[in-house]
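Chemist: Residue numbers (our numbering): 70 to 454. The beta carbon of each residue, even a glycine, is placed where N, CA and C say it ideally should be. Have a look at this one before I ask anything.
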Amino acid sequence: MDALEKLKLLGPPTCFEPAEEVHAVGVRQAPGLADDLAGCVYHAVTPGGKRIALLKTLLTSACERDCFYCAFRQGRDVRRAAFSPDELARLFMQLHQQGIVEGIFLSSGVAGGGPNTEDRLIATAEILRRRYGFQGYIHLKIMPGAERDQVAAAMRLANRVSVNLEAPNTRRLQLLAPHKVFAEELLQRLRWIEELRHEMPGRGPSSTTQFVVGAAGESDLELLTTTEFLHRQVGLARAYFVAFVPVPGTPLENHPPTSPLREHRLSQSSFLLRDYGFTVEELPFDAEGNLPLEHDPKWVWALRELTNAPVEINTADRLTLLRVPGVGPKGAARLLEARRHGRLRELSDLRKLGIAADRAAPFILLDGRRPAYQPPLWPLTGRAD
Ligand code: SF4
């Protein structure tokens, strides 16, 4: 099997491993290769805000673990492939020199133990950096059981590293991946990353994790309690939530799929925890600890808390402004700046600042008055802010 054939097998499964903000999928400059690279090249936004064409692939789809949800679990009948570090680095550089890809996301099945697998991921990144002088974006997965020195080596080579927690705690992970050890094998690697970051110039690469949502009976409260802990205690940049999709030939093949809307509401809530000053206790969970699906969580919170206590836009501090639906971190900064030049009196003043004024209107005062506005005929559910 040549390297391109391997990529066609090893690239597309990474669609279940979100890693950067992906805005579109496709191959920008290689119409002849477009079919071969479909599902392997993503237009992604790096942590620094740069848009790049990102090659996403596994190093190998061979795996000795038996996670209940995974297409590559040990013993499942599936066509497998593996790159050597040399082979993948060479292929990446060919695509890079043709202007097709600008960065790489590299994950792997576990073959020969976590540390051996991590060695091969690190070797690939080392070849790219040292032999080929590649200076662009590299995201490396940290394998379950990788050693502390390996985590440090990966961090010296990569712009981002990630550890897949998969579940919010030990009990839930047992129901998904009985041979993964939540605290020692996974969470400890995120703690090391945070410790090592403090020892690195420029604070080192950012870190992310992902959760499989809905296959272990976990509540949104459990997922977001762990997410809040990760943001506050181990400096996590981003938690990704992946709605469970059953895979034929796995123990969970008959488990119902999870609504993508649940994944979306969890993501919105994680932004509220990370960027908006919310605590997990403030989120609008129901009695079972789940979020409403029909409206975004900030809107539901505001209906409860701000309807009778509107926020005066001309005097509120930044964190209070961020509580208003339609006002995100950029909007709050623009409001604070605009207030230095005069009072804001009309919804049109907010629109000029890029604020979603119709979302904000039921919850604000403008110069002491509730703004006149036309309530929408249907709920405004799409926005995260
Ligand atoms: S370790 Fe990764 S590749 Fe292996 S079965 Fe589990 S999820 Fe799949």
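Starting from the Cα of ARG180, find the closest Cα among PRO213, THR389, GLY117, ALA312 and give me that residue.
Modeler: Here the sequence assigns Ala to residue 180, which means Arg is not the residue at that position. It is PRO213 whose Cα lies nearest to the Cα of ALA180.
Chemist: So the alpha helix (DSSP H) THR294 belongs to, where does it begin and stop?
Modeler: 289-302
Chemist: For TYR345, which residues of its own chain have a beta-carbon under 6 angstroms away from its beta-carbon, when the five flanking residues on both sides are left out?
Modeler: LEU391
Chemist: Assuming VAL220 and ILE173 make a contact with CB atoms under 8 angstroms, what is their CB distance in whole Å?
Modeler: Distance from VAL220 to ILE173 at the Cβ level is roughly 19 angstroms; contact not present, criterion being Cβ atoms closer than 8 angstroms.
Chemist: Counting C-beta neighbours from all protein chains within 10 Å, is the total for PRO329 16 or more, i.e. buried, or is it exposed?
Modeler: exposed
Chemist: Please determine if the stretch 162-169 and the stretch 200-212 are in contact, where contact requires at least 3 C-beta pairs separated by less than 8 angstroms.
Modeler: Yes: at least three Cβ pairs fall under 8 angstroms.
Chemist: If you drop the 5 nearest sequence neighbours on each side, which residues of the same chain put their C-beta closer than 6 angstroms to that of GLU86?
Modeler: SER176
Chemist: Contact check, THR294 vs PRO237 under 8 angstroms by CB: the rounded distance?
Modeler: 7 angstroms
Chemist: Would THR348 and PHE432 be called neighbours here (beta carbons separated by less than 8 angstroms)?
Modeler: no
Chemist: Residues in its own chain within less than 8 angstroms of LEU422 by CB, not counting five upstream and five downstream?
Modeler: Residues GLY400, ARG403, LEU404, ALA407 of the same chain have their beta carbon placed closer than 8 angstroms to that of LEU422, with the five preceding and five following residues left out of the count.
Chemist: With contact counted as at least three CB pairs below 8 angstroms, one residue from each stretch, are the stretch 290-309 and the stretch 226-242 in contact?
Modeler: Verdict: yes, contact present.
Chemist: Can you pull the DSSP bridge partners for TYR201?
Modeler: Note: TYR201 sits in no beta bridge, so no partner.
Chemist: Could you name the residues of the same chain whose beta carbon sits closer than 8 angstroms to that of GLY144, not counting the 5 residues immediately before and after it, in chain order?
Modeler: ASP135
Chemist: Here's the rule: buried if 16 or more other CB atoms are within 10 angstroms of the residue's CB, otherwise exposed. What is GLN166?
Modeler: exposed
Chemist: Let's test the definition: count the other Cβ atoms within 10 Å of the Cβ of ALA441 and tell me whether it reaches 16, buried, or not, exposed.
Modeler: exposed
Chemist: Should ARG373 be labelled buried (16 or more other beta-carbon atoms within 10 Å of its own) or exposed?
Modeler: exposed
Chemist: Across the stretch 296-312 and the stretch 267-277, are there enough close Cβ pairs to call them in contact, namely three or more that are closer than 8 angstroms?
Modeler: yes
Chemist: Do ALA430 and VAL396 have their CB atoms nearer than 8 angstroms?
Modeler: Taking 8 angstroms as the Cβ cut-off, ALA430 and VAL396 do not qualify as a contacting pair.
Chemist: Assign GLY451 to buried or exposed, taking buried as 16 or more other Cβ atoms, counted over all protein chains shown, within 10 Å of its Cβ.
Modeler: Summary for GLY451: the model assigns pLDDT 49, below 50, so the residue's position carries little reliability; its value from the coordinates is reported in the next sentence. Label assigned to GLY451: exposed.
Chemist: Over the uninterrupted alpha helix (DSSP H) stretch that includes THR193, give me the two end residues.
Modeler: 183-195
Chemist: Kindly provide the chain-ordered list of residues whose Cβ lies closer than 5 angstroms to any non-hydrogen atom of ligand 1.
Modeler: CYS132, ARG134, CYS136, CYS139, PHE141, ARG142, GLY178, VAL179
Chemist: Go through the stretch 200-246 residue by residue and report every complete run of the alpha helix (DSSP H) that reaches 4 residues or more, in order.
Modeler: 217-226, 239-245
Chemist: Could you pull out every residue in the same chain whose Cβ sits closer than 8 angstroms to the Cβ of GLU89, ignoring the five residues on either side in sequence?
Modeler: TYR111, ALA113, VAL114, THR115, PRO116, LEU123, PHE174, HIS208, ARG229
Chemist: So the candidates are GLU350, ILE382, LEU341; which of them puts its Cα closest to the Cα of GLY411?
Modeler: ILE382
Chemist: Thinking ARG258 and ALA285 are a contact (beta carbons under 8 angstroms), I'd like their distance in whole angstroms, please.
Modeler: Rounded, the Cβ-Cβ distance is 20 angstroms, inconsistent with contact.
Chemist: For GLU381, name the three-state secondary structure that DSSP assigns.
Modeler: Strand.
Chemist: Whole angstroms are fine: how far does the CA of PRO366 sit from the CA of ARG409?
Modeler: Across the structure, ARG409 and PRO366 are spaced so that their CA atoms are roughly 31 angstroms apart.
Chemist: On the CB-based measure, 16 or more other CB atoms within 10 Å of its CB, does GLN302 come out buried or exposed?
Modeler: exposed
Chemist: What are the residues that DSSP puts in a beta bridge with LEU435?
Modeler: ARG438, per the DSSP bridge assignment.
Chemist: Between PHE313 and PRO326, how many whole angstroms is the CB-CB distance? I'm expecting something under 8 angstroms.
Modeler: Going by Cβ atoms, the distance from PHE313 to PRO326 rounds to 6 angstroms, so yes, they are a contact pair.
Chemist: Going by alpha carbons, who is nearest to MET224 out of LEU416, GLU195, LEU321, LEU388?
Modeler: GLU195
Chemist: Is PHE152 helix, strand or coil by DSSP?
Modeler: coil
Chemist: Among the candidates CYS139, HIS364, ARG217, ARG148, whose CA atom is the shortest distance from the CA of LEU76?
Modeler: ARG148
Chemist: Let me know if LEU335 comes out buried or exposed under the rule of 16 or more other beta-carbons within 10 Å of its beta-carbon.
Modeler: buried
Chemist: Straight-line CA distance for VAL311 to SER130?
Modeler: Each residue's Cα considered, the two are about 19 angstroms apart.
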